[in-house]
Amino acid sequence: MIERVAERASVEIRDVWKSFAVDGAEVRALEGISLTVAPGEFVSIIGPSGCGKSTLLRLVAGLEVPDRGELWVDSSPVTGPSLRCGIAFQDHRLFPWLTVAANIGLGLLKTPRSQAEKRNAIQRLVDLVGLTGFENAYPRQLSGGMAQRASIARSLAAEPQILLLDEPLGALDALTRARMQAELLRIWERERVTVAMVTHDVTEAVLLSDRIVVMGRRPGRVREVLTVDVPRPRPRNAFSLATLSAQLAELLEGDLDN
Amino acid sequence: MTQNVLRTRVDHRAFVVPVVLLVLWAIASSLRLVDPHLLVPPATVAATLVQMLGGADYWSAVGSSLARVCGGFVLGGAAGLVVGVVLGVSRIAERIGAPTLHGARSVALFAWIPLLTAWFGDGEVAKVALIALAAFFPVALNTERGCRQVSNALLEVGRVLEFDRWTTVRRIILPAASRSIVTGLQLGLTTAWIGTIGAEYLVDQGTGIGIALSSARIDNRMDIILIYMLTLALMGLALNLIVRRNVVDD
Amino acid sequence: MATRFASFVKPIAAQPGVCSVKRPSLRWWIDPRTIALGLLLPVTIVVAWSIAVRLEIMRPQILPSPLTVLATARDLFVGGELLAALGISLGRVVVGLAIGSLLGILVGIATGRSRTIDAYFGPTIRGICQIPTIAWLPFFMIVFGIGEGLKLALIAKASFLPLFVNTSAAMRAAPERFHEVADVLELDRWQRLRLVVLPAALPLVASGFRMGLSNAWHVLVVVEMVAAAAGVGHLMAWSRTLFQLDAVFVTIVVIGITGWAMDATMRLIESRLSPWTANA
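Protein sequence lines correspond, in order, to chains A, B and C.
Going by our numbering, the letters in the first sequence line up with residues 1 to 258, in that order.
Going by our numbering, the letters in the second sequence line up with residues 259 to 508, in that order.
Going by our numbering, the letters in the third sequence line up with residues 509 to 788, in that order.
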């Protein structure tokens, strides 16, 4: 079995500003965001819709360029999309004309490994996300949860330094979501990547993260950063988690009134 | 949607190629590179154009074609609507009629001409019959598909509200299928137009753009042919604007 | 070193838990009641036709009896005339289609991938394509005479348009979100072409080809009716001149069946080539 060789990286966001032009008017998506994520940390970014959390993730991934400020991954600046960030989108974006295995293998195209090694790596990932037996299935044959898992496997294929998840479980039903949350934790603990996950689900953030970044909107900025001091493994119905969830929910609700 | 069509900014780059071709054409014909009957100089074409626009023949040809396409389209379209609704609403009618309809459609449109001229002679009837046939198929097929694809959810509402057959058709099926029906009518008009030119060309009697083209070819008048081709191009563009869809196949 | 995915792309075997692929339902074929109903109308027509012939509603020259038509069909088929004509016609279609579709694809790729080229050449090409193919007949007749060149030119023109339009659109068929995935995966230009652009383009190009084939067949029939010494269209026109309407009927049916068969085959190929599209 191939062991992880990549170093998990830190993420530094320094005073980032980003605006978009919508219908001729300028929309300030992010204003003065500064944030640090330690290597190996699991950080959730939560906030009401329109607060710019997806934009922030895309900036870290290099898919957008900030108007002002800098983004650093593992002490080198972000200049564009690269394989050192694994990103899983909310719509799984698996290529419909490739099988699950082929899709995952896309992440390995750039690695100088032999065919056999790549096949093994793909199999390992397939097993990791629990899709054993579906290597040759096409995306249209998979359920939502399965497709999402394949998408996560693809993002892990290149052994990225950080894993960016943009509301990965948003499109799933409650039962599948609960199962996938446990899977995410398991994957994170196994792979020991740095994870930055955007979510709107309070319970999810509290269950999975080391720290939670609460964002506000109009303009998009960091309102608070909460530390989840609850030791792992965290039982779903722990009292401490419930209190924290309630706190978070209140914070978010307050913003909605504005 | 209308606003988009009207407010489209004209991209000036579009005119570069036509102008360049025009210039090359003028040069080539003045240098007598090609037989002047084949490559008529642009000046000659322009002169002929002015002449034609001033005369009666051109306008009567255009007018006749337009009249024919309207007549044929109305006939074929009406028939197509009726048949389409019947086949789309009644399962039995569909089982009986659809195979024949789809089969008849497979026959290339102009292949019907020899039969039509044998039955109806060389006159207007054969031409209009072909145009009606051209319009009939797209209208019938699209209408049938539209009616058949009305979602069961809506039909169930009708059943729950105890609609009788006719009310169901009038209140649920036709409105729900209206998009497909309109598409069918648009395609039918486009096909009818192509059928008109073809029928006129092949059944070479009377007046019309197709007939004028045929005469021009017999007289070896490339300039007249080019002018009518330009006319057709412009009319085609106008048709697209009316129909708001691009002609993809003949 | 590009990874070859051939080893991963295996045929979809039935796997536990995997939803089965939608196959075109063949059952309408086999259900006897459906076949009976479907044949009802044609049979009624034939019966009415026979009665009309018997009652001599139209002159026998212009309404031959169904039996005569059948006999003529047999004669033409057995005598080899029909197959020979069909062969010539199909040969013309193949060559004309090849020329037209190749040009259409090339121009489509150029205008599809480069907005600049599209801005310059697109409107002119589309404008020219507004002219119905039949209106090109006199033009090409003067240019090419009435030889093979005429037919091939017309067939090529007819098959050009759908391929041009579809290929042009197909170049931009891959949605932006797939290109973003390609960005993140750091795919180079060739990998992007092979793994994103071409697979996404395939369904549209295939359907464009199917339309091109259909156009080619339609146009061929007309050209052969007007300016040919051989082929099914010529056979039909010639029979009509000789007032042999039974032969005309036969040719109409043959033209229809051939057209349908080619279309059905193309649809099958299309669904095989791009099984992931909803139309499969």
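Ideal Cβ placement from N, Cα and C applies to all residues, glycine included.
- Taking the beta carbon of B/L373 as reference, the chain C residues within 7 Å of it are V756 and I760, listed in sequence order.
- Cβ contact annotation for A/R217 (same chain, cutoff 6 Å, sequence separation greater than five): P48, G50 and C51, in chain order.
- Those residues of the segment 676-694 of chain C placed with their C-beta closer than 8 Å to a C-beta in chain A are R685, F686, E688, V689, D691, V692, L693 and E694, ordered along the chain.
- In the DSSP assignment, B/S288 forms no beta bridge with any residue.
- Assignment of C/C637 by DSSP, reduced to helix, strand and coil, places it in the helix class.
- Contact between the segment 11-28 of chain A and the segment 66-80 of chain A is present: three or more C-beta pairs spanning the two stretches fall below 8 Å.
- For A/L125, the CB contacts under 7 Å within the same chain, skipping 5 residues up- and downstream, are I104, A153, L156 and A157 in chain order.
- Assigned with DSSP and collapsed to three states, C/M566 falls in coil, not helix or strand.
- The beta carbon of A/K118 sits closer than 6 Å to those of L108, all from its chain and outside the five residues before and after it, given in chain order.
- Listed in chain order, the alpha helix (DSSP H) runs fully inside the segment 567-650 of chain C are 574-586, 589-621 and 623-637, counting runs of at least 4 residues.
- At a cut-off of 8 Å, the C-beta of A/G107 has a neighbouring C-beta in chain C.
- Taking CB atoms only, B/Y459 has a neighbour in chain C less than 8 Å away.
- DSSP links A/R28 through a beta bridge to A/S19.
- Interface annotation, C/L614: not in contact with chain A, CB-CB separation never under 8 Å.
- Using a Cβ-Cβ cut-off of 8 Å, B/V327 does not count as an interface residue toward chain C, since no Cβ of chain C sits closer than that to its own.
- Counting only the Cα atoms, C/V554 lies some 25 Å from B/G346.
- B/L484 is positioned such that its CB atom lies closer than 8 Å to that of B/V298.
- Remark: C-beta atoms of A/A21 and A/G220 do not approach each other more closely than 8 Å.
- Taking the Cα positions, A/T227 is about 6 Å away from A/I212.
- The beta-carbon of B/G338 is placed no less than 8 Å from the nearest beta-carbon of chain C.
- Beta-bridge partners of A/V43 (DSSP): A/A196 and A/R211.
- C-alpha of B/S287 to C-alpha of B/P294: approximately 7 Å in a straight line.
- For C/H742, no CB of chain B lies under 8 Å from its own CB, so it is not counted at the interface with that chain.
- At the C-beta level, C/G620 and C/A677 come within 8 Å of one another.
- Scanning the segment 292-372 of chain B from its first residue to its last, no whole beta strand (DSSP E) run of 3-plus residues comes out.
- Between C/I596 and the set C/V651, C/H742 and C/P683, the nearest pair of CA atoms involves C/H742.
- Across the structure, A/R179 and A/R149 are spaced so that their CA atoms are roughly 11 Å apart.
- With respect to the C-alpha of C/A708, the residue from A/L94, A/R84 and A/V78 having the closest C-alpha is A/L94.
- Judged by their CB atoms, B/A393 and B/L311 are not nearer to each other than the 8 Å cut-off.
- Around C/R775, no beta-carbon contact reaches into chain B at under 7 Å, the shortest distance being about 13 Å.
- Sorting A/L251, A/L165, A/D127 and A/A121 by C-alpha distance to the C-alpha of A/V202 places A/L251 at the top.
- DSSP, read as helix, strand or coil, puts C/W557 in helix.
- Not flagged as an interface residue toward chain A: C/Q752, since no C-beta distance is shorter than 8 Å.
- For C/W557 against B/S364, the beta-carbon gap comes to about 20 Å, at or over 8 Å, which does not count as contact.
- Rounded to the nearest whole angstrom, the C-alpha separation of A/L142 and B/V274 is 51 Å.
- Contacts with chain B at 8 Å (Cβ-Cβ) do not include C/W557.
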